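Peer 1: Mind looking over this structure? Questions follow.
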Amino acid sequence: MYHRRPASATDTGLDDGMTTSVFSPPLKKRRASVRTQALAALLIVLVLLILYYPRLVGYLAGQTPGGLRGETAAAPTDRVLVSYSYFEKDPIQRDNFDYFITVGMGLDNRYGGPANADFVVVVNGKVCRPCSRLYPLLQEEAPLLPSLSAVYEGEGVAVLKRTENEGMDFAAHNITLTWLAAQTRLGKYKYYIFLNSSIKGPFVPSYMPVGWQWTQAYTDLLRGDVKAVGSSLVCLPEVDAGGYGPKLESWAFAVDQDGLEALLREGVFQLRTCKLCDEGVVVKGEYGLTNSLMKYGYNVATLMAMYRGVDWRDRRHWRCNNNVHPSRHGTYSGITMHPFETVFLKASWHVGEPFVEKYAAWVLAQAAGRETTGGIFDERMYRYAISPEAQETHHVEECYQVLPPIRSN
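2 is the number of the first residue of the sequence shown in my numbering; add one for each residue after it.
Here's what the structure looks like:
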């Protein structure tokens, strides 16, 4: 930001030898008094600036195109690590990561990203087309680990390329943690967020205050004995190999330092090559996440609106959602998760369509500074919108009925 240079002081026109009246002090004393008053005024201004700086920044940010956006949130200062596991399985995963680079990380986004977060992207496989947006900002570094073929790092961002694609997301996150620990950098963070490229997000409502970051949806809930927060939580039935009870789904979750220490001690992030076996990635990795924390007496939380302030250690809650995974289409108590509820959605399972596509298009347009107000008069839709027919029941819930109703004899 450029600041206008203050105008230089001009001659007061007073003569030092001028005789003063008995009602005014000598000129030198008057000048000293003026300087004292000026310093006092400057001190007051500095104090006020320090006290109200966050509000001032938020106010100025609110004057950008888009208008005022309500009260200003205090910018978070606690350091956050975001580990992102990427595998270019299909165009959906590629688009998910491309969206995350813009909206989650703040690249090519006029609104920016979370300034208190560092991002480590672990590439599983040889292809990462969205990474071409990051490489110009990074420099190639020594891999440090034998499991890495290349490392690219810049300010707040690193891309780690694995030599082998095995162990799925928890193995990728293991690479992130091991790489940081090898440089004694792992302990600098207070919070750790783990994501994979099967999900799309973040999605943040427009009514959130200026300065509020998507990472806070998770970190603000990491209080007291809550040591992990996930977008989704499932209560498994007794017949599931993962064990009866609540389990955070691992495609988007966060932990604090205590939670991470417990998970590392229990080997949750260790490399596993079997996905569905009893000692595999799902049972010991994904479901081991919640099991391990509860073993240490900790609680967990979820962003789901259906649950708030639940003590998941209490077994009376273990039939939640009738023991059905809520993260699929139509399986969340008869509806589907909304992007503004869980921040990220499982796009690879087509959850949240068509909301996800519409919101993503609007967010990307706004990030690029393009208007979303254009259009042409749609008289046919206009006539419908003001008709009584538009106010009738449309039985939208039927689109979420994925199974035929059970008929009683």
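Just so it is clear, CB atoms sit at the ideal spot from N, CA and C, and this is done for glycine as well. On a predicted model such as this, the values are computed, not experimentally measured, just so you know.
To the nearest angstrom, how far is the alpha carbon of Ala-116 from that of Val-128?
Peer 2: For the purposes of this step, residue 116 is taken as the residue at position 115 of the sequence shown. For the purposes of this step, residue 128 is taken as the residue at position 127 of the sequence shown. Their backbone Cα atoms lie some 28 Å apart in a straight line.
Peer 1: Is the separation between the beta-carbon of Val-123 and that of Arg-95 shorter than 8 Å?
Peer 2: One-based indexing of the sequence shown puts residue 123 at position 122. One-based indexing of the sequence shown puts residue 95 at position 94. Taking 8 Å as the Cβ cut-off, Val-123 and Arg-95 do not qualify as a contacting pair.
Peer 1: Can you tell me which of the three DSSP states Pro-131 falls into?
Peer 2: Your numbering for residue 131 matches position 130 in the sequence shown. In this structure, Pro-131 counts as helix in the three-state DSSP scheme.
Peer 1: Do the segment 173-186 and the segment 78-90 meet, that is, are 3 or more Cβ pairs less than 8 Å apart?
Peer 2: Flag = yes, the segment 173-186 and the segment 78-90 touch.
Peer 1: My assumption, with CB atoms under 8 Å, is that Asp-109 sits in contact with Gly-157. Please give the rounded CB distance.
Peer 2: Along the sequence shown, one-based indexing puts residue 109 at 108. Along the sequence shown, one-based indexing puts residue 157 at 156. That pair is no contact at about 15 Å.
Peer 1: Less than 7 Å between C-beta atoms, sequence neighbours within five positions excluded: which residues of the same chain meet that for Leu-187?
Peer 2: In the sequence shown, counting from the first residue as 1, residue 187 sits at position 186. Hits under 7 Å: Leu-178, Leu-181.
Peer 1: Following the continuous alpha helix (DSSP H) through Ala-362, name the residue where it begins and the one where it ends.
Peer 2: Start at 1 with the first residue of the sequence shown, and residue 362 comes out as number 361. Run containing Ala-362: 356-368, per the alpha helix (DSSP H) assignment.
Peer 1: Tell me which residues share the same chain as Ala-62 and place their Cβ nearer than 6 Å to its Cβ, disregarding the 5 neighbours each side in the sequence.
Peer 2: As a first step, residue 62 is located in the sequence shown; it is residue number 61 there, counting from the start. Note that Ala-62 scores a pLDDT of 42, beneath 50, so its modelled location is shaky and nothing firm can be said.
Peer 1: Can you check whether the CB of Trp-252 is closer than 8 Å to the CB of Ser-293?
Peer 2: Residue numbering aside, residue 293 sits at position 292 when the sequence shown is read from its first letter. Residue numbering aside, residue 252 sits at position 251 when the sequence shown is read from its first letter. Not in contact: Ser-293 and Trp-252 (Cβ atoms no closer than 8 Å).
Peer 1: So who's on the other strand from Phe-120, going by DSSP bridges?
Peer 2: In the sequence shown, the residue the question calls residue 120 occupies position 119. Answer by DSSP bridge pairing, in chain order: Val-83, Val-158.
Peer 1: Using the three-state DSSP reduction, which class does Lys-285 fall into: helix, strand or coil?
Peer 2: For the purposes of this step, residue 285 is taken as residue 284 along the sequence shown, with counting starting at 1. It is helical.
Peer 1: Excluding the five sequence neighbours on either side, which residues of its own chain have a C-beta within less than 8 Å of the C-beta of Thr-78, listed in chain order?
Peer 2: Here residue 78 is taken as the residue at index 77 of the sequence shown, counted from 1. Counting only Cβ-Cβ distances below 8 Å, and skipping sequence neighbours, we find Asn-117.
Peer 1: Using the C-alpha atoms, what's the distance from Gly-246 back to Thr-220?
Peer 2: Stepping through the sequence shown from its first residue, residue 220 is reached at position 219. Stepping through the sequence shown from its first residue, residue 246 is reached at position 245. Approximately 24 Å, taken between the alpha carbons.
Peer 1: Just to confirm my understanding: we take Ser-150, look at its own chain, exclude 5 residues before and 5 after, and list those with CB closer than 6 Å. What are they?
Peer 2: Looking up residue 150 in the sequence shown gives position 149. Answer for Ser-150: Lys-162, Thr-164, listed in chain order.
Peer 1: Can you tell me whether Arg-130 is buried or exposed, with buried defined as 16 or more other CB within 10 angstroms of its CB?
Peer 2: The residue labelled residue 130 in the question sits at position 129 within the sequence shown. With fewer than 16 Cβ atoms within 10 Å of its Cβ, Arg-130 is classed as exposed.
Peer 1: What three-state label does DSSP hand Val-397 in the structure shown?
Peer 2: For the purposes of this step, residue 397 is taken as residue 396 along the sequence shown, with counting starting at 1. Note: Val-397 maps to helix in three-state DSSP.
Peer 1: Which stretch, first to last residue, makes up the beta strand (DSSP E) that contains Gln-140?
Peer 2: Taking the first residue of the sequence shown as position 1, residue 140 is located at position 139. Taken as a continuous stretch (DSSP letters only), the beta strand (DSSP E) holding Gln-140 covers 140-142.
Peer 1: In the DSSP output, what is Tyr-192 paired with across the bridge?
Peer 2: Indexing the sequence shown from 1 puts residue 192 at position 191. Answer by DSSP bridge pairing, in chain order: Val-81, Asp-257.
Peer 1: What do you reckon, are the CB atoms on Tyr-100 and Leu-365 nearer than 8 Å?
Peer 2: As a working note, residue 100 is residue 99 in the sequence shown. As a working note, residue 365 is residue 364 in the sequence shown. In contact: Tyr-100 and Leu-365 (Cβ atoms closer than 8 Å).
Peer 1: What span of residues does the beta strand (DSSP E) with Pro-247 cover, start to end?
Peer 2: Position 246 of the sequence shown, counting from 1, holds the residue named residue 247. Where Pro-247 is concerned, the enclosing beta strand (DSSP E) stretches over 246-249.
Peer 1: What are the boundary residues of the beta strand (DSSP E) that Asn-300 is part of?
Peer 2: Along the sequence shown, read from residue 1 onward, the residue named residue 300 stands at position 299. Run containing Asn-300: 300-303, per the beta strand (DSSP E) assignment.
Peer 1: Going by CA-CA distance only, name the one from Glu-354, Leu-223, Trp-350, Ile-336 that's closest to Tyr-413.
Peer 2: Here the chain comprises residues numbered 2 to 410, so residue 413 is not present and cannot be evaluated.
Peer 1: Any Cβ of chain D within less than 8 Å of the Cβ of Gly-353?
Peer 2: The structure shown contains no chain D, having only a single protein chain.
Peer 1: With a cut-off of 8 Å on the beta carbons, I'd call Asn-125 and Asn-166 a contact; round off their distance for me.
Peer 2: Position 124 of the sequence shown, counted from the start, is the residue given in the question as residue 125. Position 165 of the sequence shown, counted from the start, is the residue given in the question as residue 166. That pair is a contact at about 4 Å.
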